[in-house]
Every structure is written in C-alpha cells, then in structure tokens.
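Heads up: the sequence shown begins at 24 in this note's numbering, then just goes up one per residue.
Glycine residues also receive a C-beta, built at the ideal position from the N, C-alpha and C atoms.
Reviewing the structure listed below.
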Amino acid sequence: MRTTAQHLPATPGKTAVVSKALLRSSELLGLTARELSTVVGLSEPSISRLKRNLDGAPLTGKSYELALLFIRLYRSLDAIVGGDDAVARQWIRTDNTMLGGKPLNRIKTIDGLAHVLAYLDARRAPI
C-alpha cells in the first residue's frame with residue numbers, strides 16, 4: 024500500500040508544514056531532541072537546525088515519511104486522550120504490555136513506530 028508521502032513529493036512548503044507539526048507534536052509529548060532524532064532518523068544537530076530553521080528543512084526522504092507517521096501517531100493519541108497532553112506524555116513513557124514496552128522505546132524503530140501507530144488506530148476507532 025502506498026503512503027501519502029509516496030504520492031506527494033516533499034516540496035519546500037509541505038516540508039515546512041510537516042517540520043512545524045513534527046516539532047509541535049514532539050514538544051507536546053515531551054520528547055527531547057535526542058529522542059526525536061532517533062524516531063525520525065536525524066541527528067541531534069539536524070533537529071536543532073530544524074528548530075532554528077537554519078540551512079532549510081532537513082526533512083527529506085525517509086525522515087520526511089517517519090515525521091508523517093509520528094505526526095499521525097500524535098493525532099491518534101490526542102484523539103484518544105481527549106486533548107489532554109499530560110495524559111499523552113504519561114502514556115508515551117509508561118510500560119504497555121500490549122506493545123511490549125514503553126511506546127517511546129518502541130517508536131525508535133520503524134517497525135515499532137508502525138506497530139504503535141496500528142495499536143492507536145485500533146483503539147481510536149474500534150469496530
């Protein structure tokens with residue numbers, strides 16, 4: 024199945040919007056620059072430049088797609104917790120037996136990010 028990122032190439036305008044949403048989502052979840060860099064596959068200095076908007080936006084290719092997945096994760100979690108960022112911050116750092124560990128640790132790999140996202144999607148809209 025193709026993702027939106029595969030259909031729509033990252034343009035400077037789209038990249039800026041995704042960068043802003045990524046930084047805001049990670050801030051609301053209480054992630055450090057180191058944690059965020061591991062999730063989206065960028066170095067800490069790249070995250071710092073992204074925050075300061077120096078050297079353009081480093082989100083391209085895989086890091087752009089991972090950023091989109093992370094934003095989707097945040098939006099799903101936000102819907103589940105009813106917009107309570109404190110609860111979301113607590114959830115991301117608390118052991119979860121269904122996920123096999125803390126969600127923050129799981130989302131540091133692509134497989135783990137996809138698994139946590141599928142888990143949240145299933146919880147958000149149960150059939």
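Next item on the list: On the DSSP bridge assignment, give the partners of Asn119 in chain order.
Entry: For Asn119, the beta-bridge partners assigned by DSSP are Gly124.
Next item on the list: Take Val40 as the anchor and find which of Gly53, Leu54, Thr55, Leu73 has the nearest alpha-carbon.
Entry: The shortest C-alpha separation from Val40 is found at Leu73.
Check: Can you give the beta carbon distance from Ile70 to Ala90, rounded, assuming they're within the 8 Å contact cut?
Finding: Contact doesn't hold; Cβ gap of about 11 Å is too wide.
Notebook entry, point to check: What residue does the alpha helix (DSSP H) around Ile133 start on, and which one ends it?
Noted result: Ile133 -> alpha helix (DSSP H) spans 133–147.
Notebook entry, point to check: In chain order, what residues of the same chain lie with their CB nearer than 8 Å to the CB of Leu140, ignoring the 5 residues before and after it?
Noted result: Result list for Leu140: Leu92, Arg95, Leu96, Ser99, in chain order.
Next item on the list: Measure the C-alpha to C-alpha separation of Leu136 and Pro68 and round it to an integer number of angstroms.
Entry: Take the alpha-carbon of Leu136 and the one of Pro68: they are about 22 Å apart.
Note to self: Within a Cβ cutoff of 7 Å, which residues of the same chain sit near Ser48, ignoring the five residues on either side of it in sequence?
What the structure shows: Phe93, Ile94, Tyr97, listed in sequence order.
Notebook entry, point to check: Can you list, in chain order, the residues of its chain whose CB lies under 8 Å from that of Ile133, leaving out five sequence neighbours each side?
Noted result: Cβ within range, chain order: Leu89.
Item checked: Segment limits, alpha helix (DSSP H) that includes Thr61 -> Segment 56–63, the alpha helix (DSSP H) holding Thr61.
Margin query: Using a Cβ-based criterion (distance less than 7 Å to any ligand heavy atom), does Ile94 qualify as near the ligand NAD?
Written below: Among the components modelled here there is no ligand, and therefore nothing to report on the ligand NAD.
Check: Looking at C-alpha atoms only, which residue of Leu65, Leu143, Gly64 is the closest neighbour of Trp114?
Finding: Nearest of Leu65, Leu143, Gly64 to Trp114, Cα basis: Leu143.
Notebook entry, point to check: Near Arg146, what residues of its chain come up, given a Cβ to Cβ distance below 7 Å and the 5 sequence neighbours on each side ignored?
Noted result: For Arg146, where only same-chain residues beyond five positions count, the Cβ hits under 7 Å are Ile103.
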